[in-house]
Structure formats: structure tokens, C-alpha cells
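Peer 1: In my numbering, the protein residues as written are 10 to 467.
I have a structure I would like to understand better, so I am pasting it below and will then ask my questions one at a time.
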């Protein structure tokens with residue numbers, strides 16, 4: 010398949026604007042040059058006509074029309090007055106220039122003007138490339154039928170017009186070159202802040218910087234561009250933060266099943282195991298792998314959808330089996346006892362099983378981690394909702410840390426000897442809110458800590 014030819018023209022905005030300015034200036038100067046040339050030609054023609062009429066008036070003073078016949082008087086400047094002058098009495102030629110033949114082009118043109126008997130002017134081509142202007146002027150007097158025709162070579166006038174036209178074209182060329190150069194310079198200077206903003210936006214977007222352009226001390230156009238770039242940078246930063254959050258959450262949630270797999274494999278390799286023990290190890294590994302798959306599906310679906318809601322979390326889940334499964338996994342290798350209390354065995358939550366696990370699991374992990382000897386996992390129905398409490402008898406949450414409790418990456422005491430990245434509680438709250446629920450802390454409960462989960466009923 011043939012590629013479409015590239016469209017001719019500048020590839021940069023600076024070049025395009027300069028070309029537009031050049032084209033506009035060229036059109037304007039063409040119109041002005043044509044108008045100037047037309048006006049100058051008319052002016053030069055009027056000058057020639059005025060000179061011809063002046064000469065005709067001077068010749069008329071040498072003609073006597075008082076008698077029955079016209080008489081041409083001799084004067085001192087007779088030769089000057091007779092140059093290119095035809096004198097007629099009616100249609101009869103009385104006098105003509107010595108150099109003009111009776112059948113010449115000039116004489117025939119003068120004859121035509123004289124026969125009309127009024128003021129007229131015409132231009133004829135005497136011999137290429139010379140043009141001659143002729144004007145007729147009737148002699149004064151009521152009874153006079155005489156006419157004077159004068160002629161003038163237009164070569165000097167046309168030379169003047171050509172010189173003016175050439176000068177105009179040279180001036181137009183200089184103006185066009187100056188227009189193009191100044192436009193490129195002005196546009197380049199005007200676009201320099203845009204280029205700087207583009208480079209800064211590229212640098213800031215690569216690292217998710219907090220720097221922004223703002224709209225202060227900026228022209229209106231640059232302020233609007235800055236606002237658009239700031240909004241784009243905010244979205245990029247949000248995407249980067251979301252990617253980092255997703256990576257941290259996956260790492261946090263996959264740590265427990267992965268630890269179980271590693272522990273089971275180490276236990277199995279420690280010595281020769283029976284077939285029954287090997288099958289039990291395989292079952293634990295398979296269960297942990299399935300848990301990892303469910304974790305990945307839940308978190309990746311949440312990232313893909315942007316948010317979860319009751320309509321995107323299909324079906325309903327029996328609460329008690331999920332809570333007992335979580336308690337069994339976490340309490341099996343811990344000295345802390347986990348007690349499950351469900352008010353109604355038929356209690357169902359309007360979320361998927363994997364999502365319910367991901368909401369409750371971080372709360373239960375934290376409770377087992379900080380409890381002294383017991384954790385209570387209880388669930389009860391409330392009108393249209395399911396309420397789950399995760400209660401421990403540990404030291405509780407410090408009052409100074411309550412404001413940062415659900416902030417990602419924050420821990421009350423990073424040096425308390427417990428592992429953790431501070432991502433479990435924020436993840437639980439985010440997933441619960443995505444389905445129309447909530448995760449909260451009960452600051453009134455003492456001793457220990459109580460976290461409450463509120464979800465739609467199934």
C-alpha cells in the first residue's frame with residue numbers, strides 16, 4: 010500500500026505563522042502596488058494633458074479669428090509653438106509639424122480629433138515602443154470653427170512610471186523579507202516560554218514532581234496552558250501513585266500465602282515424608298497458590314475498573330465460612346487464639362468471597378500481630394447491612410496516630426519489632442468503600458483495639 014505524500018509546508022508552528030504573515034503581507038503589498046501604479050499613471054497622464062492644453066492655449070494666441078478667414082500670426086517663438094502642433098479650420102488642415110507627413114499616423118489621429126470640434130485626448134502608438142498623447146482644443150470665439158491639436162511624446166512619463174514601479178517592487182521585496190524575519194523572531198520569542206514549559210512538564214512528569222506552573226504573572230494564553238499542564242501533571246502523578254500503591258498492596262497481600270508456601274516446602278524438605286504428609290503439603294501449597302491468585306484477581310480488577318461497587322461485585326457471600334477460614338489460616342501458627350462469633354449462620358454479605366477476604370484479612374492480621382492472647386472476630390446483621398468487628402486485647406492505637414491510621418505507608422511505631430508496610434488498613438478501607446461499605450476504628454473501645462467493617466447485605 011502506497012504511503013500518502015507528505016503535505017508541503019513548514020513543520021513548525023513558528024514557520025507556519027511566519028508563512029501566513031508573509032502571504033498576508035504579500036497580498037496587501039500587491040494590492041497597494043497595483044493601486045499606487047494606477048494612481049501614478051493617471052497622475053502622469055493628467056500632467057501630460059495639462060501640458061498639451063497649455064501649449065494649445067499658447068498656440069491659440071497666435072491665431073487671428075476676427076476676420077472672415079483664420080490667419081496664423083508669426084511670433085518670436087514660432088518654431089517652438091509649431092512643434093507637434095496641427096491647426097485646423099473646420100476639417101481643413103492649415104498647418105502641421107514640419108516632420109509630420111500628411112498621411113502619417115499622427116496626422117490621421119489629429120484629423121480625427123479635429124473633426125469632432127471639442128476637447129478630446131487620445132493615446133496612440135506612433136512607433137514601437139513610443140506612445141504619443143494628442144489633445145484637441147477648439148479656438149475661442151462664437152464664430153470660430155478652428156481647432157488646435159497638440160502632441161506629446163509619453164516616453165519620459167512612461168520611464169518615470171517604470172522607475173516608480175521598479176522602486177515599489179524593490180521596496181515590497183525588502184518589506185516582505187523584513188516581515189518574514191521579524192515574524193519568525195517575534196514568534197520564536199513568544200513561543201520560548203511554551204518550549205520551556207514543555208521541557209519542565211516532561212521532567213516533572215517523569216518523576217511525579219509536586220512542582221506546578223500556576224497562573225500568576227502569566228499572560229492569559231500561557232496561564233491557560235499552565236492550568237492544562239498542571240491538570241495533566243496531577244493526573245500523571247495520580248497514576249504513578251496508584252501504580253506504586255498497587256505494587257505495595259500486591260506485595261503486602263501476597264506475603265502471607267507466599268510465606269506459607271515457603272514454610273511448607275522447608276518443612277517437607279527437612280526429612281523424608283510419608284505419602285499422606287506429602288499430600289497434605291501439596292494441599293496447603295495449592296490452597297496458598299489459589300489464595301494468591303484470588304488476591305491478584307481482586308486487586309487487579311479493582312485497578313482496572315477504577316472502583317468497585319455492588320453491581321461489579323457479583324453474587325453474595327456467606328460470612329461465617331470466610332471468617333472461619335481466615336481465622337484458621339492466621340491462628341494455626343500463632344500463640345494468639347482467634348475466636349469467631351457469628352450471630353446468624355445464614356448471614357450473607359453482598360460482595361464476592363475474595364473481596365470479603367481482602368477487606369477483613371488485613372484487619373485480622375494486624376489484630377493477631379498486636380494482640381496479647383486473644384482476638385475476637387464477630388459478625389452480626391443490621392438493617393440492610395452486615396457489621397463485622399475485629400477486636401484484640403493489645404496496646405491499642407495511640408491517640409497521636411489516629412489521624413494517620415488509614416494513610417498508606419504510615420505506622421505508629423516502625424521500630425516495634427513487627428513487620429509491616431502500613432498498607433493493610435488503607436487497602437481494607439479502599440476496597441470496602443469501593444463496594445459501598447466502610448472500615449473504621451472505634452476510639453472508645455478499651456483496652457485493645459476494635460476495627461469495624463460495614464458492608465451491604467447479600
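C-beta: ideal position from N, C-alpha, C; glycine also.
These figures come from a predicted structure and were not determined experimentally.
#1: Is residue 280 helix, strand or coil by DSSP?
#2: According to DSSP, what are the bridge partners of residue 157?
#3: Beta carbon of residue 349: closer than 7 Å to some heavy atom of the ligand FAD?
#4: Spatial neighbours of residue 203 within its chain, please: CB distance less than 8 Å, with the 5 preceding and 5 following residues excluded, ordered by chain position.
#5: Would you give the residue range spanned by the alpha helix (DSSP H) that residue 453 belongs to?
#6: On the DSSP letters alone, give me the boundaries of the beta strand (DSSP E) that residue 75 sits inside.
#7: The alpha helix (DSSP H) spanning residue 188 covers which residue range?
#8: Using CA coordinates, which residue listed in 386, 393, 390, 412 is at the minimum distance from residue 401?
#9: Please work out which residues of its chain come closer than 6 Å, Cβ to Cβ, to residue 197, disregarding the five sequence neighbours upstream and downstream, and give them in chain order.
#10: Take residue 270 and list the residues in its own chain whose beta-carbon comes closer than 6 Å to its own, dropping the five residues that flank it on each side.
#11: Measure the C-alpha to C-alpha separation of residue 327 and residue 395 and round it to an integer number of angstroms.
#12: Thinking just about the alpha-carbon of each residue, which of 150, 120, 452 is nearest to the one in residue 97?
#13: Let me check understanding here. Comparing Cα to Cα, which of 157, 41, 82, 30 lies closest to residue 65?
#14: Starting from the C-beta of residue 329, find all residues in its chain whose C-beta is less than 6 Å away, skip the five residues before and the five after it, and write them out in chain order.
#15: According to DSSP, residue 139 sits in a beta bridge with which residue or residues?
#16: Hey, how far is the Cα of residue 60 from the Cα of residue 117?
#17: What distance in whole Å lies between the Cβ atoms of residue 371 and residue 464, which are believed to be in contact at a cut-off of 8 Å?
#18: In whole angstroms, give me the CA-to-CA distance for residue 105 and residue 143.
#19: Can you tell me which of 363, 415, 284, 337 puts its alpha carbon nearest to the alpha carbon of residue 299?
#20: I'd like the list of long-range same chain contacts for residue 35, defined as Cβ closer than 7 Å, with 5 residues on each side in sequence excluded.
#21: Evaluate residue 44 with the Cβ neighbour count: other Cβ atoms within 10 Å of its Cβ, from every protein chain shown; 16 or more gives buried, anything less gives exposed.
#22: Measure the Cβ-Cβ separation of residue 69 and residue 188 and say whether it is below 8 Å.
#23: Looking at residue 38 and residue 181, is the spacing between their C-beta atoms short of 8 Å?
#24: Indicate the three-state DSSP secondary structure (helix, strand or coil) for residue 25 in the structure shown.
#25: Let me know if residue 368 comes out buried or exposed under the rule of 16 or more other beta-carbons within 10 Å of its beta-carbon.
#26: Tell me the DSSP secondary structure of residue 382 in three-state form.
#27: With DSSP as the reference, please indicate the residues paired to residue 346 in a beta bridge.
#28: Work out the CA separation of residue 162 and residue 6 for me, nearest whole Å.
#29: Go ahead and label residue 381 buried or exposed: buried means 16 or more other beta carbons lie within 10 angstroms of its beta carbon, across all protein chains shown.
#30: Might you give, ordered along the chain, the residues of its own chain that have their beta carbon closer than 8 Å to the beta carbon of residue 276, omitting 5 neighbours on each side?
#31: Going by other Cβ atoms of all chains shown within 10 Å of its Cβ, with 16 needed for buried, is residue 222 buried or exposed?
#32: Answer with buried or exposed for residue 470, where buried requires no fewer than 16 other C-beta atoms within 10 angstroms of its C-beta.
#33: Once the 5 residues before and after residue 456 are set aside, which same chain residues still bring their CB inside 7 Å of it?
Peer 2: In short, the structure shows the following:
#1: Position 271 of the chain shown, counted from the start, is the residue given in the question as residue 280. Three-state result, residue 280: coil.
#2: Position 148 of the chain shown, counting from 1, holds the residue named residue 157. Bridge partners of residue 157: 96, 146.
#3: This structure lacks the ligand FAD, and indeed carries no ligand of any kind.
#4: Position 194 of the chain shown, counted from the start, is the residue given in the question as residue 203. Same-chain partners within the cutoff: 231, 234.
#5: One-based indexing of the chain shown puts residue 453 at position 444. From DSSP, residue 453 is part of no alpha helix (DSSP H); its letter is neither H nor E.
#6: For the purposes of this step, residue 75 is taken as the residue at position 66 of the chain shown. Per DSSP, residue 75 lies in no beta strand (DSSP E) segment and is marked neither H nor E.
#7: The residue you call residue 188 lines up with position 179 of the chain shown. Note, residue 188: alpha helix (DSSP H), 164-216.
#8: Residue numbering aside, residue 401 sits at position 392 when the chain shown is read from its first letter. For the residues 386, 393, 390, 412, the minimum Cα distance to residue 401 belongs to 386.
#9: Along the chain shown, one-based indexing puts residue 197 at 188. Apart from the 5 residues on each side of it in sequence, residue 197 sits with its Cβ closer than 6 Å to the Cβ of 23 in its chain, given in chain order.
#10: Translated into the one-based positions of the chain shown, residue 270 becomes position 261. Here the set comprises 294, 297.
#11: Taking the first residue of the chain shown as 1, we reach residue 327 at position 318. Taking the first residue of the chain shown as 1, we reach residue 395 at position 386. Per the coordinates, the alpha-carbon of residue 327 lies some 11 Å from the alpha-carbon of residue 395.
#12: Here residue 97 corresponds to residue number 88 of the chain shown, with the count starting at 1. Of the candidates 150, 120, 452, 120 places its Cα closest to the Cα of residue 97.
#13: If you number the chain shown from 1, residue 65 lands on position 56. Nearest of 157, 41, 82, 30 to residue 65, Cα basis: 157.
#14: Position 320 of the chain shown, counted from the first residue, corresponds to residue 329. Setting aside the 5 residues that flank it on each side, residue 329 is surrounded in the same chain by 351, 354, each with a C-beta closer than 6 Å to its C-beta; the list follows chain order.
#15: The sequence position of residue 139 within the chain shown is 130, counting from 1. Bridge pairing for residue 139: 136 [DSSP].
#16: Residue mapping note: residue 60 aligns to position 51 of the chain shown, counting from 1. Residue mapping note: residue 117 aligns to position 108 of the chain shown, counting from 1. Between residue 60 and residue 117, the C-alpha separation is close to 22 Å.
#17: The residue labelled residue 464 in the question sits at position 455 within the chain shown. The residue labelled residue 371 in the question sits at position 362 within the chain shown. Contact annotation, residue 464 with residue 371: C-beta distance approximately 15 Å; criterion of less than 8 Å not satisfied.
#18: For the purposes of this step, residue 105 is identified with residue 96 of the chain shown, where counting begins at 1. For the purposes of this step, residue 143 is identified with residue 134 of the chain shown, where counting begins at 1. Whole-angstrom Cα-Cα distance: 13 Å.
#19: Translated into positions along the chain shown, residue 299 becomes position 290. That would be 363, whose Cα lies nearest to the Cα of residue 299.
#20: As a working note, residue 35 is residue 26 in the chain shown. The residues 185, in chain order, have a CB closer than 7 Å to that of residue 35 in the same chain once the five nearest residues on each side in sequence are set aside.
#21: Taking the chain shown and counting its residues from 1, one reaches residue 44 at position 35. Exposed, because fewer than 16 other Cβ atoms sit within 10 Å of the Cβ of residue 44.
#22: Here residue 69 corresponds to residue number 60 of the chain shown, with the count starting at 1. Here residue 188 corresponds to residue number 179 of the chain shown, with the count starting at 1. A distance of 8 Å or more separates the beta carbons of residue 69 and residue 188.
#23: For the purposes of this step, residue 181 is taken as the residue at position 172 of the chain shown. For the purposes of this step, residue 38 is taken as the residue at position 29 of the chain shown. The criterion of a C-beta distance shorter than 8 Å is satisfied by residue 181 and residue 38.
#24: Within the chain shown, numbered from 1, the residue matching residue 25 stands at position 16. Looking at residue 25 - three-state DSSP - the assignment turns out to be helix.
#25: For the purposes of this step, residue 368 is identified with residue 359 of the chain shown, where counting begins at 1. Classification of residue 368: buried, given that the 10 Å Cβ count is 16 or more.
#26: Indexing the chain shown from 1 puts residue 382 at position 373. Three-state DSSP puts residue 382 in coil, outside helix and strand.
#27: Taking the first residue of the chain shown as 1, we reach residue 346 at position 337. Within the DSSP secondary-structure output, residue 346 pairs in a beta bridge with 383.
#28: In the structure as shown, the chain begins at 10 and stops at 467. Residue 6 is therefore absent and cannot be evaluated.
#29: By 1-based counting over the chain shown, the position of residue 381 is 372. Exposed: under 16 other Cβ atoms inside 10 Å.
#30: Here residue 276 is taken as the residue at index 267 of the chain shown, counted from 1. Cβ neighbours of residue 276 beyond the five flanking positions: 290.
#31: The residue given as residue 222 occupies position 213 in the chain shown. Residue 222 comes out buried.
#32: The first residue shown for the chain is 10 and the last is 467, placing residue 470 beyond what the model contains.
#33: As a first step, residue 456 must be located in the chain shown, where it is residue number 447. These residues qualify, in order along the chain: 402, 405.
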